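Numbering (the working numbering), first residue to last: 85 to 483. Idealized CB from N, CA, C, for every residue including glycine. In this text the structure is predicted, and so the values were computed from the model without any measurement. Reviewing the structure listed below.
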Amino acid sequence: MPISKLNLLSNEVWIMYSSENSDPYFEKFITDRTIVPSAAILSNENRFLFVHELDKENVKDFAGEVIIYDSENTVIKSIEKTLRELQFPNKIYLNYSDRLDTQTDVLGYGTFRFLSDNISEFYKNSGVNSPEFTSADEIIYFLLDSKSGEDIKYLKIAANRALEILNTAFKKIRPGMSEKMIAKLVHNIFMQKPAYFKKFGIISEDFSWEKGTCPIVLVGENLQKGGHSAPSDKILKRGDTVYFDFGVKITLSNGKSYSSDLQRMGYALMACEKTPPKEVKDVFNTLSEAIQKGIENMLPGKKGFEIDEIVRNHITERGYPNYNHATGHPIGEHAHNPGTSISPRGYKRSEMPIRENGVYTIEPRIQIPNGGSVEEMVMVTKNGGISLCSPQKSLYLIK
């Protein structure tokens, strides 16, 4: 993924360090073709890549200056020489997290000490104040959230693929099936690959998360459980609600991957019913209204907690209990991508803004027996959010 803009100040740099692909962001943004310890220094104007002479033939297409080191001219000495040429930047971003984000906390304490101790000593010996070392979280979030038109295209394909699997599953579900049987049904549908994959250069498809809980299926009384519960032997009875939490991950011939994450809700009609009872309709309508309010407010610069409050408050103001999870999360290569969390105020990543062209989920829950949950994937625009696939507007009915 080429880096076109970092939004750093003039005396700031981002340093990445990787050994045998230890840093996924080095692999994504710099190169995945080095084995021996490698490093990169990035500023708004410059791109430097430091590689051992063993790897130099693998990085000839790097869009910047490649600096070769060996056993005498070591990687740290090469880094220090370049920092001198850059006039001793006073702030250095490193790939660790100060927001308890395990997805971006990848540097490792030992490597952090290696870099920070050596660079600080180098500055001191050069008569310069030590730089400030700080987390590169926000740089990574910015780059991952800055979705291109092609990224959006394939996220839509992943979303619609998950939706078509769920649409087919709801047509085949019957009362008397267990949660495990329903999950197996989804797996069987998933195995039937569509012809359009070839047209779009999709070479493989996997589940968005671990197969044993993809999909999550809950029915009836089990809807009061937490949203990460694995399918059980609980039987779907007439008069029960049922919901799926499901997604797929598609991989293209160029190596890029895109994930989806959707939730859909249905109801198994009683023999005497043609439509669901009022209490079930009220649950679904409340969820749908809350999501729509969230979508309307998905504007660039809004804080994650602001969206959470809008959606969550709509649920509780209708008299339903508060739910025990975030209202949403970023999505991209992974179902749960690093970035702004749409969750309650006070959580570090909820204090961050959502970004234009970023894609996030909105997934409120009514956590009661025969409750429900719906999840949509939403792209942020200047005019509010746009769903990446057809949003659920009515309950699936199981006869």
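Query: Can you list, in chain order, the residues of its chain with a C-beta nearer than 6 angstroms to that of residue 469? Leave out the 5 residues immediately preceding and following it.; Result: 379, 382, 462
Query: Is residue 347 helix, strand or coil when you go by DSSP?; Result: strand
Query: In terms of DSSP beta bridges, what is residue 290 paired with?; Result: 333
Query: Report, in whole angstroms, the separation of the C-beta atoms of residue 302 and residue 263, which I expect to be a contact under 8 angstroms.; Result: 7 angstroms
Query: How long is the line joining the alpha carbons of residue 131 and residue 125, rounded to whole angstroms?; Result: 6 angstroms
Query: Go ahead and pull the three-state DSSP assignment for residue 275.; Result: coil
Query: Just checking, does the region 361–379 make contact with the region 450–460 on the three C-beta pairs under 8 angstroms criterion?; Result: yes
Query: Considering only residues of the region 214–264, which uninterrupted alpha helix (DSSP H) runs meet the minimum length of 4 residues and lie entirely inside it, listed in chain order?; Result: 221–229, 233–256
Query: Would you mind stating whether residue 363 and residue 411 have Cβ atoms separated by less than 8 angstroms?; Result: no
Query: Just to confirm the assignment, what range does the beta strand (DSSP E) spanning residue 155 have?; Result: Element bounds for residue 155: n/a, residue is neither H nor E.
Query: Do residue 242 and residue 404 have their beta-carbon atoms positioned less than 8 angstroms apart in this structure?; Result: no
Query: Is the beta carbon of residue 274 sitting closer than 8 angstroms to the one on residue 249?; Result: yes
Query: Apply the 10 Å Cβ neighbour rule to residue 203 and answer buried if 16 or more other Cβ atoms are within range, or exposed otherwise.; Result: buried
Query: By a C-beta neighbour count over all protein chains shown, 10 Å radius and 16 as the cutoff for buried, is residue 144 buried or exposed?; Result: exposed
Query: Output the boundary residues of the beta strand (DSSP E) element that contains residue 133.; Result: 131–136
Query: With a CB to CB cut of under 8 angstroms and the five nearest residues on each side skipped, what residues in its chain are close to residue 433?; Result: 183, 185, 388, 423, 424, 425, 427
Query: Let's test the definition: count the other Cβ atoms within 10 Å of the Cβ of residue 164 and tell me whether it reaches 16, buried, or not, exposed.; Result: buried
Query: Just how far apart, CA to CA, sit residue 407 and residue 400?; Result: 9 angstroms
Query: Can you give me the Cβ contacts of residue 137 inside the same chain, cut-off strictly under 6 angstroms, excluding the 5 residues immediately before and after it?; Result: 152, 154
Query: Residue 172 by DSSP, collapsed to three states: which one?; Result: coil
Query: Residue 101 lies in the alpha helix (DSSP H); which residues open and close that run?; Result: Run containing residue 101: none in the alpha helix (DSSP H); it sits in the beta strand (DSSP E), 96–102.
Query: Counting only the same chain and skipping the five closest in sequence on each side, list residues whose C-beta sits under 8 angstroms from that of residue 121.; Result: 101, 102, 103, 136, 159
Query: Tell me, which residues are paired with residue 412 by DSSP?; Result: 426
Query: How many Å lie between residue 328 and residue 300 at the Cα?; Result: 6 angstroms
Query: Apart from the five residues on each side of it in sequence, which residues of its chain come closer than 7 angstroms, Cβ to Cβ, to residue 394?; Result: 377, 378, 381
Query: Terminal residues of the continuous beta strand (DSSP E) containing residue 468?; Result: 468–471
Query: Let me make sure I understand the geometry here. Which of 282, 474, 195, 430 has the alpha-carbon closest to that of residue 334?; Result: 282
Query: Does the region 307–316 come close enough to the region 229–241 that 3 or more CB-CB pairs lie under 8 angstroms?; Result: no
Query: Does the beta carbon of residue 188 fall short of 7 angstroms from some heavy atom of the ligand ATP?; Result: Among the components of this structure there are no ligands whatsoever, and the ligand ATP is therefore not found.
Query: So the candidates are 397, 188, 205; which of them puts its Cα closest to the Cα of residue 222?; Result: 188
Query: Could you check which residue in 355, 392, 332, 449 has the C-alpha nearest to that of residue 484?; Result: Absent from the model: residue 484. The displayed extent of the chain is 85 to 483, so no value can be given.
Query: Beta-carbon within less than 6 angstroms of residue 293's beta-carbon, same chain only, minus the 5 sequence neighbours each way: which residues are those?; Result: 419
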